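Sequential numbering of the sequence shown, starting at 4, is according to the working numbering.
Glycine included, every Cβ here is placed at the ideal spot set by N, Cα and C.
Predicted model only: the values in this text are computed from it and were never measured.
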Amino acid sequence: MDLIGWFGAVAELEGGLVEEGDGDRLSVLFPDHLQRRLQVGEMESFGMEERDSDVGRLLHDQNPVIAGMGAILAEKGRFATAKLPGKPPLLRTPEAFLERHLTAQNFIYRYRDQQIEPVRYLIVPFLLGAVSDMKTERIVTIILNETTRTVPLGMENDLMAALPQALSSSATSAAADPAPSADAGATETLSLMKEMVRRQAMQLFPEFLRSAERRMLRDLERLQEYYGAIAREIETGAKKRLGGDGEREKAAGRLEAARLEYEKKIQDVRDKYAVEIQAEPLGALRLRTAAVMFHIQMQRRKQVLQIKLPINPLNGRLEALPCASCHTPVLNGCLCDGMHFLCTACHPNCPVCRGQRRGNSV
4 MDLIGWFGAV AELEGGLVEE GDGDRLSVLF PDHLQRRLQV GEMESFGMEE
54 RDSDVGRLLH DQNPVIAGMG AILAEKGRFA TAKLPGKPPL LRTPEAFLER
104 HLTAQNFIYR YRDQQIEPVR YLIVPFLLGA VSDMKTERIV TIILNETTRT
154 VPLGMENDLM AALPQALSSS ATSAAADPAP SADAGATETL SLMKEMVRRQ
204 AMQLFPEFLR SAERRMLRDL ERLQEYYGAI AREIETGAKK RLGGDGEREK
254 AAGRLEAARL EYEKKIQDVR DKYAVEIQAE PLGALRLRTA AVMFHIQMQR
304 RKQVLQIKLP INPLNGRLEA LPCASCHTPV LNGCLCDGMH FLCTACHPNC
354 PVCRGQRRGN SV
């Protein structure tokens, strides 16, 4: 969810009437308590582009209206739970469904049965930022099925339509359900979600990353030209003076000093433009519901792995398994000799078996 989508969603939860305009624009009719709290008029227009400042308020992360809305949400508690009623029907041809959506590269799998089982989803909006000599940020929502540790691809698109019903009927504060930080194994779950959102930085901030690399290469080129000129000047001066061993040693010492300073400046430039990816959770929602659960047996050689794969109750898609190494959610994967489920990029040399889980540096 982007910033303007988040703003509109919170405004609706607080009783505002939101109307979407062309592009990334919103018109909001604020109730009295929001008008007083945010210092806004009864009817306001908002946008994300510079041109929107001509017709309304420009939304960005430094806008006091955004800060005020965030404070309102924080006061309500950073964690809530909701229950989505209803039960989905069982599939008539589950084997055919699996064959269409799950691809085994180096193993075989067998469908065993399907059942309707309770599941719970953890929905966490992260403030994802890329920081070097400059900074860029956006809000990214990650959803994980806590019951099966699978990833419901595309669920966020259907979640906005389902949330109002779930929240109005059963939303509670953290007192009714323990927050993720209090759950057994929750630290590992949140860590997995943070790794997943960090990996999206390459796709979400391509221009920022390219710009940082361009500026770094520009400064490195200038350093090379500057210290190259110094080295040539030292060598030219030494040749003109035609001194003995003492002059040659003095010139060699100056060249060595220039080389050491050049190497230090290179590292300073690399440090300056190194991009740090930051991901901070802004809150969490736990959604309880029921889903069709496939019980599947995976086999590689003589080793067998029993897993559960749910069909997402909101969009009817088979949920993906995260790669055991890089956490990329996939439905086209491999099993290593240690029976770790891997994406094709991490196989065949399993980083988990080698104790070298792939990182997320950029």
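Here's the rule: buried if 16 or more other CB atoms are within 10 angstroms of the residue's CB, otherwise exposed. What is residue i?
i: residue 124; result: buried
i: residue 148; result: buried
i: residue 279; result: exposed
i: residue 111; result: exposed
i: residue 179; result: With a pLDDT of only 48 at residue 179, under the threshold of 50, the placement of this residue in the model should not be trusted, and no figure is reported.
i: residue 117; result: buried
i: residue 190; result: exposed
i: residue 163; result: exposed
i: residue 229; result: exposed
i: residue 6; result: buried
i: residue 343; result: buried
i: residue 52; result: exposed
i: residue 155; result: buried
i: residue 331; result: buried
i: residue 50; result: buried
i: residue 351; result: exposed
i: residue 185; result: Model confidence at residue 185 stands at a pLDDT of 48, short of 50, so the residue's coordinates are unreliable and nothing is read from them.
i: residue 313; result: buried
i: residue 193; result: buried
i: residue 311; result: buried
i: residue 263; result: exposed
i: residue 209; result: exposed
i: residue 67; result: exposed
i: residue 221; result: exposed
i: residue 358; result: exposed
i: residue 289; result: buried
What span of residues does the beta strand (DSSP E) with residue i cover, start to end?
i: residue 30; result: 28-32
i: residue 82; result: 82-86
i: residue 13; result: Not the beta strand (DSSP E): residue 13 falls in the alpha helix (DSSP H), residues 6-16.
i: residue 20; result: 20-23
If I measure Cβ to Cβ from residue i and keep anything under 8 Å in the same chain, skipping five residues before and after, which residues do I get?
i: residue 33; result: 14, 19, 41, 43, 44, 45, 46, 47
i: residue 207; result: 131, 141, 143
i: residue 160; result: 318
i: residue 9; result: 128, 142
Cβ atoms of residue j and residue i: under 8 Å apart, would you say?
i: residue 338; j: residue 303; result: yes
i: residue 91; j: residue 316; result: yes
i: residue 308; j: residue 104; result: no
i: residue 273; j: residue 205; result: no
i: residue 122; j: residue 287; result: no
i: residue 84; j: residue 213; result: no
i: residue 144; j: residue 128; result: yes
i: residue 341; j: residue 329; result: no
i: residue 197; j: residue 282; result: yes
i: residue 94; j: residue 295; result: yes
i: residue 334; j: residue 151; result: no
i: residue 265; j: residue 226; result: yes
i: residue 75; j: residue 17; result: yes
i: residue 146; j: residue 119; result: no
Would you kindly report the start and end of the unbroken alpha helix (DSSP H) that includes residue i?
i: residue 49; result: Run containing residue 49: none in the alpha helix (DSSP H); it sits in the beta strand (DSSP E), 46-50.
i: residue 41; result: 35-41
i: residue 97; result: 97-104
Tell me which residues share the same chain as residue i and place their Cβ nearer than 6 Å to its Cβ, disregarding the 5 neighbours each side in the sequence.
i: residue 364; result: Here residue 364 scores only 39 on pLDDT, less than 50, and its place in the model should not be relied on; the value that follows carries that caveat. Same-chain partners within the cutoff: there are none.
i: residue 237; result: 254, 257, 258
i: residue 109; result: 337
i: residue 31; result: 14, 19, 21, 47
i: residue 306; result: 342
i: residue 285; result: 128, 130
Keeping to the same chain, check which residues put their C-beta closer than 7 Å to that of residue i; ignore five residues upstream and five downstream.
i: residue 215; result: 135, 276, 278
i: residue 23; result: 29
i: residue 114; result: 97, 98, 101, 297, 299
i: residue 138; result: 132
i: residue 241; result: 250, 251, 254
i: residue 327; result: 343, 344, 345, 355
i: residue 233; result: 261
Give a yes or no on whether the minimum CB-CB distance between residue i and chain B is below 8 Å.
i: residue 118; result: Protein chains in the displayed structure number just one, and chain B is not present.
Where are the beta strand (DSSP E) runs, 3 residues long or more, that stay fully inside the region 283-337, in chain order?
-> You should have 287-303, 306-314.
Alpha helix (DSSP H) runs wholly inside the region 192-218, at least 4 long, in chain order = The qualifying runs are 204-207.
Start-end ranges of the beta strand (DSSP E) lying completely within the region 113-164, minimum 3 residues | For the region 113-164, whole beta strand (DSSP E) runs of length 3 or above, ordered along the chain, are 138-148.
At which residue ranges does the region 227-286 contain complete beta strand (DSSP E) runs of 3 or more residues, listed in the order of the chain?
-> The region 227-286 contains, as complete beta strand (DSSP E) runs of 3+ residues, the segments 279-284 (chain order).
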